[in-house]
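Enquirer:
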Ligand code: BGC
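Numbering (the working numbering), first residue to last: 119 to 884.
This is the structure we're talking about:
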């Protein structure tokens, strides 16, 4: 393929050719233009394997695609908390794309897990925006290092499958910016992602494919995105509106009617040709980059990649519980129970579904061990089979330890449909309960892409979550069970005690296509921690076969302003007997905010490897923004002065070290004061604070004898009540109670509000 000059091509294109260029040639290719030597570029689904279709095409994983490698899904990879691993995954996918002449991989999916009921959570990273952004960025960098474009999806607030093609996510501005957009921002700013896929759904009533606020104001202007926007497959409703809003490429290929509509709009002036040119330019730049980075000789070693998939799976596994039974000993008599031991579930259903020749099961990897296998239940059914249960009990009784392979069948979680509950199938729960009656040394291995309710968990000795671990998940499982590898994954999503505890529960999946995000910023652990609620397993949780000791928390300063960087360090030591990896997590918080804030928010993590007895120093760098919230008054992040907390933990509920710093921010909000504003509110601005101090003195001096007497009789309670009342007092009351004349209050307000109108949000930028 020959390179070309984008601008020269645009100059030579006819209006019709420009309009055609903005739609795909077919299901998976951009439009070619032989007259000017513009080739067609192929794009394929990911994110955890290459779904390249060369026969019949579809976007739901129905028809065959080429035989390839299935890596662990994104939900699994998120638990690795390992950016190098994500980079490597991206790189390997990029190498395969090069070998297969694919120019763009449709991934990663970075929507936030608002509810564990979202059927597609297996394809997303986390409930946490910071973690999602970092993981996505590492993946993107790896993929794009091979000259293959990544495409983050689905922009934005696409957090459920119910009404996914037509619903509207009613999410407020602060929540959008604090929870649902940061991962995209990181992917654009740091990851330099080449493409963004706009979602099917609407946000606040406007379809994402027609949403100029999201696609132009936020994505291009605020985040600085310079790649191209592609629609989700079939997301376009009105092609002209899409172009106006900032959609460049419509996929899959469009009908002639849409090309005609674009041409007509340009001819009648309702669509400026410059806007069309801009879309064409964005697409052609991608085509040119794909041409320029195409490697002539690109091979991909699938056998090596399959093995790698198994190594990845080991890094992603989360040891949820262990009373010491794991790792198993090689001379133990072990019963493997459950059909998943023979046929593991290892990937999700839908557009990410890849074609794998062979999946390595746990049962295939028991050479040299004393393992018996019984089916226990049928994976495709929910109905209890008493005969299978009886056989399983007999096997468990004969063994030293029973390992039950359980989890979610494919029908329980899939793209296109949300989950109805978090339960395992009845036949699996029944089997586990029955086995526990005869064998107390019972371990459960879980295969599934999302949260599961585990009613028998208290009586189980250990639970090892392997997620949807890719085509070598069985090998990884056995190795971890035997201690040939040490689990080091952490949950990227809270596991609530019951689904009803989830903050979105009452508003999921919405009504009549409208889903209200009433829980606001309190998603996942932000909610459970604020409410001090019990959870089954907290965000960031994951055990190890060894033990880590945390010590020596240090800050390089005790005060920071909003322009400074704070260096935080601590030491972590492997105090156990085996090599292991720990994910050191850093959370920030603020006390005494004027707005509702989560108790803690993840703002840093590092995965470190330690030999027994080894100690490492871990360093983090924080800025003012790590303590900020999104303030809608300025449409930007705002750092408040006050006390900041920094916590270092092994999970969000296992905080090992913590300390405070003082934040001295010079940021100020443009507050307009009214007669109804309170005295307390005055303290929020510099000018207001001067008035506030004066008023405190005046009001303090005016306290009468009676009040002094009440204070001394009632003590601190009375003082506090008086203080609160004073802070809550509207400025108007200063006139009512004769402290100020009406004209004086008006003059004071005029003075206080002088600067507000001149205020420019730009100066507040961090
Ligand atoms: C999915 C996308 C996918 C596309 C192409 C859509 O239904 O939502 O994630 O990339 O199909 O298969």
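All C-beta atoms, glycine included, are put in the ideal place defined by N, C-alpha and C.
Report the residue from 336, 279, 270 whose alpha carbon sits nearest the alpha carbon of residue 753.
Expert: 336
Enquirer: Of the choices 661, 626, 620, 630, whose alpha-carbon is the least far from that of residue 641?
Expert: 620
Enquirer: In whole angstroms, what is the alpha-carbon distance linking residue 604 and residue 176?
Expert: Between residue 604 and residue 176, the C-alpha separation is close to 40 Å.
Enquirer: Could you give the C-beta distance for residue 571 and residue 541, rounded to a whole number, given that I count them as a contact under 8 Å?
Expert: The pair is a contact, with the Cβ atoms about 5 Å apart (cut-off 8 Å).
Enquirer: Once DSSP output is grouped into helix, strand and coil, what is the label at residue 185?
Expert: Residue state for residue 185 is assigned as strand, using DSSP reduced to three classes.
Enquirer: What whole-angstrom Cβ distance do residue 481 and residue 494 have, given they're in contact under 8 Å?
Expert: Incorrect: roughly 13 Å between the Cβ atoms, too far for contact.
Enquirer: Excluding five sequence neighbours on each side, which residues of the same chain lie with their C-beta closer than 6 Å to the C-beta of residue 664?
Expert: 692, 694, 696, 698
Enquirer: Comparing the CB of residue 351 with every heavy atom of the ligand BGC, is any distance shorter than 7 Å?
Expert: yes
Enquirer: Does at least one heavy atom of the ligand BGC sit under 7 Å from the Cβ of residue 271?
Expert: yes
Enquirer: With a Cβ-Cβ cutoff of 8 Å, do residue 439 and residue 580 count as a contact?
Expert: Contact flag set, yes.
Enquirer: Using only the heavy atoms of the ligand BGC, determine whether one of them is closer than 7 Å to the beta carbon of residue 177.
Expert: yes
Enquirer: Distance check for residue 311 and residue 225, CA to CA, integer angstroms please.
Expert: The alpha-carbon atoms of residue 225 and residue 311 are separated by roughly 10 Å.
Enquirer: On the three-pair Cβ rule with 8 Å, is the segment 763-772 touching the segment 700-716?
Expert: yes
Enquirer: Would DSSP call residue 502 helix, strand or coil?
Expert: coil
Enquirer: Which class does residue 215 belong to by DSSP, given the choice of helix, strand or coil?
Expert: helix
Enquirer: Given residue 207, which residues of its chain have a CB within under 7 Å of its CB, disregarding the five upstream and five downstream residues?
Expert: 189, 195, 257, 260, 430
Enquirer: Using only the heavy atoms of the ligand BGC, determine whether one of them is closer than 7 Å to the beta carbon of residue 367.
Expert: no
Enquirer: Would you tell me roughly how many angstroms separate the C-alpha atoms of residue 211 and residue 184, rounded to the nearest one?
Expert: Whole-angstrom Cα-Cα distance: 14 Å.
Enquirer: Quick one: grab the DSSP three-state call for residue 450.
Expert: In the structure shown, the three-state DSSP call for residue 450 is coil.
Enquirer: Closer than 7 Å: is that where the CB of residue 224 sits relative to any heavy atom of the ligand BGC?
Expert: Relative to the ligand BGC, the nearest heavy atom lies less than 7 Å away from the CB of residue 224.
Enquirer: Is it true that the segment 226-236 meets the segment 276-285, where meeting means three or more beta-carbon pairs spaced less than 8 Å apart?
Expert: yes
Enquirer: Got a sec, what are the start and stop residues for the alpha helix (DSSP H) residue 406 sits in?
Expert: 391-411
Enquirer: Run through DSSP, which three-state label would residue 434 get?
Expert: DSSP places residue 434 in helix when its eight states are reduced to three.
Enquirer: Under a three-way DSSP split, which group does residue 258 fall into?
Expert: helix
Enquirer: Quick one: complete beta strand (DSSP E) runs, 3+ long, within the segment 267-321?
Expert: Given a length threshold of 3 residues, each whole run of the beta strand (DSSP E) inside the segment 267-321 is given here in chain order: 267-273, 286-288, 313-316.
Enquirer: Quick check on DSSP: helix, strand or coil for residue 635?
Expert: coil
Enquirer: Return helix, strand or coil for residue 138, following the three-state DSSP convention.
Expert: helix
Enquirer: Output the boundary residues of the alpha helix (DSSP H) element that contains residue 764.
Expert: Where residue 764 is concerned, there is no enclosing alpha helix (DSSP H), although the beta strand (DSSP E) it sits in stretches over 760-769.
Enquirer: For residue 764 and residue 635, I'd like the C-alpha separation in whole angstroms.
Expert: 28 Å
Enquirer: I'd like to check one pair, residue 427 with residue 589: are the Cβ atoms closer than 8 Å?
Expert: With a cutoff of 8 Å on beta-carbon distance, residue 589 and residue 427 are scored as near each other.
Enquirer: Within 8 Å (strictly less), CB to CB, does residue 466 reach chain D?
Expert: Here there is only one protein chain, and chain D is not present.
Enquirer: Using beta-carbon positions only, say whether residue 157 and residue 119 come within less than 8 Å of one another.
Expert: yes
Enquirer: Just reading off the alpha helix (DSSP H) that residue 548 is part of, what are its end residues?
Expert: Counting along the chain, the unbroken alpha helix (DSSP H) around residue 548 starts and ends at 544-556.
Enquirer: State yes or no: is the C-beta of residue 536 nearer than 7 Å to some heavy atom of the ligand BGC?
Expert: no
Enquirer: Residue 284: beta carbon under 7 Å from a heavy atom of the ligand BGC?
Expert: no
Enquirer: How about residue 221 and residue 267: are their beta carbons less than 8 Å apart?
Expert: The answer is yes: Cβ separation under 8 Å.
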